[in-house]
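Counting from 1, one number per residue, gives the positions in the sequence shown under the working numbering.
Worksheet: one structure, shown below.
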Amino acid sequence: MTPHPRLGLSLVPGALRGFQTFGVFGHFARPFGERCTSRQSIGHSSNRMSTTEGRLAMTDSPHADASAYPRPARIAAAAAFGLQGFLLAAILTQLPQYQDRFGFDDTVIVVAVVTVSLVAGAGSVLAEHLARRFSSKSALRFGLATIAVAGGALGFSPNTAAFFACLSVYGAGLGMVDAAANMQAVSIQHAYGRFILSSFHAVWSVGAIAGALFVAATSALDVGVAAAQLTAALVVAVGLALCGPRLLVRTEPNRTTPPTAGGAIVPLRALLALGSAMALFYAIDFSVGNWSALYLRNVLFADAGTAALALAAYQCAALASRLSGDFWVAKYGEIAVVRAGSAIGIAGMTIVALAQSPAIAIAGFLVVGLGVPVVAPLCFSAAGRLAPTGQVDDVVARINLFNYVGTLVGGAIVGGVAAATSLRIGFVVPLLFAVALLLLAPAFAPDRDRDRRSEWAPERE
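Right under this line is the structure:
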């Protein structure tokens with residue numbers, strides 16, 4: 001969701017301590033350590049959207065609003081995905097310029113990635129609490145406002161300390177957006193009664209493509225980094241004003257405490273398996289987003305505009321993968337789609353690691369984008385399907401934490417290997433991640449006795 005979506009924040013040390021206290025596994029396991037007594041099923045929900053009225057009629061979703069129309073909410077949530085992708089890509093593809101301005105070496109970039117990822121995890125936890133206390137709509141709007149302000153300020157950073165401060169605030173908002181946008185998407189999917197999550201992530205890819213091309217264009221026109229970042233942030237602010245009021249609102253009473261141990265519980269083993277797959281995908285995804293431009297510029301000697309095209313190529317292919325993801329899942333099932341995507345990702349990363357020219361490397365990133373990006377929506381969808389009634393937001397927020405585990409692995413380990421050797425060798429690491437993802441494909445069949453193709457069969461709206 002996230003290169004996605006996908007970093008987060010805590011503005012104060014206390015929030016960071018909260019992230020450390022909960023931790024990815026401890027916080028994740030607390031309400032989910034017992035056997036599940038009831039499961040949420042998209043395909044077998046008792047309340048489905050009327051195909052003639054086109055209204056939200058789901059009452060088992062924490063956000064379902066019987067008086068709301070799903071299409072405006074779907075468009076608004078999809079727009080939030082796109083805005084997040086746009087600004088994230090605009091920031092990541094500007095990293096070479098920030099590196100030149102402040103004299104960063106690759107090690108400092110690694111520290112930046114780790115900082116943002118840790119804060120992003122705290123942002124995801126904060127989004128869960130905001131959604132529980134108010135709604136995911138409130139969490140998403142607050143997150144979008146945060147990334148707009150911090151993203152705009154980032155380009156005006158006068159020194160390294162200010163740069164890291166802005167990046168941390170931005171990361172917090174990004175973590176909130178990542179979690180809350182997927183909460184919205186899963187609830188809307190429940191209302192539609194079929195797999196549509198891939199389409200939301202496709203819009204994220206559209207935004208990321210636009211962000212990368214935006215940076216390439218501003219670089220070609222010699223627009224300064226500060227002006228470019230401020231413009232990108234204003235796009236997010238305008239988008240928030242337009243789509244924010246149309247987001248989905250919950251109808252159940254606010255719940256200020258976590259789910260009790262006596263309620264329905266998600267099976268921990270299934271969620272950990274899906275979380276591991278999520279982490280592997282985001283390790284690959286963030287490696288491409290964070291290091292592709294630097295790889296082309298520093299190893300293959302491309303100019304800044306050409307270097308930005310690597311991410312654009314990846315996101316164009318990711319868009320194609322996610323636009324067709326709903327169809328392929330309906331036709332072949334989750335396991336087959338994950339296996340095929342992983343194999344394609346292995347081929348693409350091999351091309352990248354062996355590339356001797358910018359054009360070949362860009363082609364390799366494009367191939368990677370054709371394969372692995374469909375994994376993220378499948379992870380969120382499977383987790384939401386397992387979530388008991390009233391706990392979808394909690395489950396989505398907590399599996400989203402694995403996003404940042406992957407970001408840390410993809411950003412820090414690739415960067416660490418690159419600093420010790422070279423970026424070319426560093427890109428062997430995501431190649432190995434793609435192999436591991438292939439081995440985890442069976443985790444996408446939590447209910448092996450179901451016919452996936454009938455469950456996800458397309459329906460007319």
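Each residue gets a CB set at the ideal place from its N, CA and C atoms; glycine is no exception.
So does the segment 394-403 actually touch the segment 338-350, counting three or more Cβ pairs closer than 8 Å? no
Candidates Ala363, Val299, Val116, Leu154: closest to Ser422 by CA position: Val299
What residue range is occupied by the uninterrupted alpha helix (DSSP H) comprising Ala307? 304-332
Unbroken alpha helix (DSSP H) run spanning Ser135, endpoints: Here Ser135 belongs to no alpha helix (DSSP H), and DSSP marks it neither H nor E.
Please return the same chain residues whose Cβ sits closer than 6 Å to the Cβ of Gln419, not counting the five positions on each side in sequence. The displayed chain sequence assigns Ala, not Gln, to residue 419. Contacts found: Asp106, Thr107.
Proximity below 7 Å, CB of Ala279 to CB of Phe200: no
Spatial neighbours of Phe427 within its chain, please: CB distance less than 6 Å, with the 5 preceding and 5 following residues excluded, ordered by chain position. The residues are Val352, Ala353.
Leaving out the 5 sequence neighbours to the left and right, which residues in its chain are closer than 6 Å to Gly371 when beta-carbon positions are compared? Gly341, Ile344, Gly345
How many angstroms separate the CA atom of Gly305 from the CA atom of Ile196? 34 Å
Can you tell which of Leu386, Arg339, Ser357 has its C-alpha closest to the C-alpha of Leu268? Answer by Cα proximity: Leu386.
Can you tell me where the alpha helix (DSSP H) with Leu465 in it begins and where it stops? Residue 465 falls outside the range modelled here, since the chain spans only 1 to 461, and no answer is possible.
Alpha carbon of Pro442 to alpha carbon of Ala434, nearest angstrom: 15 Å
Whether Ala80 touches Ala181 by CB criterion (7 Å): yes
Assign Val238 to one of two classes, buried (16 or more other C-beta atoms within 10 Å of its C-beta) or exposed (fewer than that). exposed
What's the C-alpha gap between Cys243 and Ala318? 24 Å
Using the Cα positions of Ala185 and Ala359, report the straight-line distance between them to the nearest angstrom. 36 Å
Is the Cβ-Cβ distance between Val114 and Ala308 less than 7 Å? no
Mind the definition here: the segment 210-220 touches the segment 92-101 only if three or more C-beta pairs lie below 8 Å; say whether that holds. yes
Give a yes or no on whether the C-beta atoms belonging to Ser205 and Tyr404 are separated by under 7 Å. no
Thr421, DSSP secondary structure in three states: coil
When Leu294, Leu378, Gln315, Trp328 are compared against Val414, the one with the closest alpha-carbon: It is Leu294.
Residue environment, Phe444, which counts as buried when at least 16 other CB atoms sit within 10 Å: buried
Applying the criterion that 16 or more other CB atoms from any shown protein chain within 10 Å of the CB defines a buried residue, is Gln356 buried or exposed? exposed
Measure the C-alpha to C-alpha separation of Phe365 and Val288 and round it to an integer number of angstroms. 7 Å
When the distance is taken between beta carbons, is Val203 closer than 7 Å to Gly325? no
Considering Cα atoms alone, identify which of Leu438, Arg133, Leu88 is closest to Val249. Arg133
Proximal residues to Ala153 (C-beta, below 7 Å), its chain only, five neighbours per side dropped: Beyond the five residues adjoining it in sequence on each side, Ala153 comes within less than 7 Å, by CB distance, of Cys166 in the same chain, given in chain order.
Compute the Euclidean distance between the alpha carbons of Ala436 and Ile147, then round it to the nearest angstrom. 33 Å
DSSP-derived helix/strand/coil call for Arg427: The question names Arg, but residue 427 in the sequence shown is Phe. Three-state DSSP puts Phe427 in coil, outside helix and strand.
Three-state secondary structure assigned by DSSP to Val392: helix
Sorted by chain position, which residues of the same chain lie with C-beta nearer than 7 Å to Ala210's C-beta, five sequence neighbours on each side aside? Phe86
If you draw a straight line from the alpha carbon of Ala127 to that of Leu140, how long is it in whole angstroms? 8 Å
Following the continuous alpha helix (DSSP H) through Phe281, name the residue where it begins and the one where it ends. Counting along the chain, the alpha helix (DSSP H) containing Phe281 begins and ends at 268-294.
Helix, strand or coil, according to DSSP, for Ile224 in the structure here? Note that residue 224 corresponds to Gly in the displayed sequence, not to Ile. Of the three classes helix, strand and coil, the one that applies to Gly224 here is coil, per DSSP.
Might you give, ordered along the chain, the residues of its own chain that have their beta carbon closer than 7 Å to the beta carbon of Phe25, omitting 5 neighbours on each side? Caution is warranted here: a pLDDT of 32 is assigned to Phe25, below 50, making its placement in the model unreliable, and no coordinate value can be reported.
Rounded to the nearest angstrom, what separates Ala233 and Gly207 at their Cα positions? C-alpha separation (whole angstroms): 13 Å.
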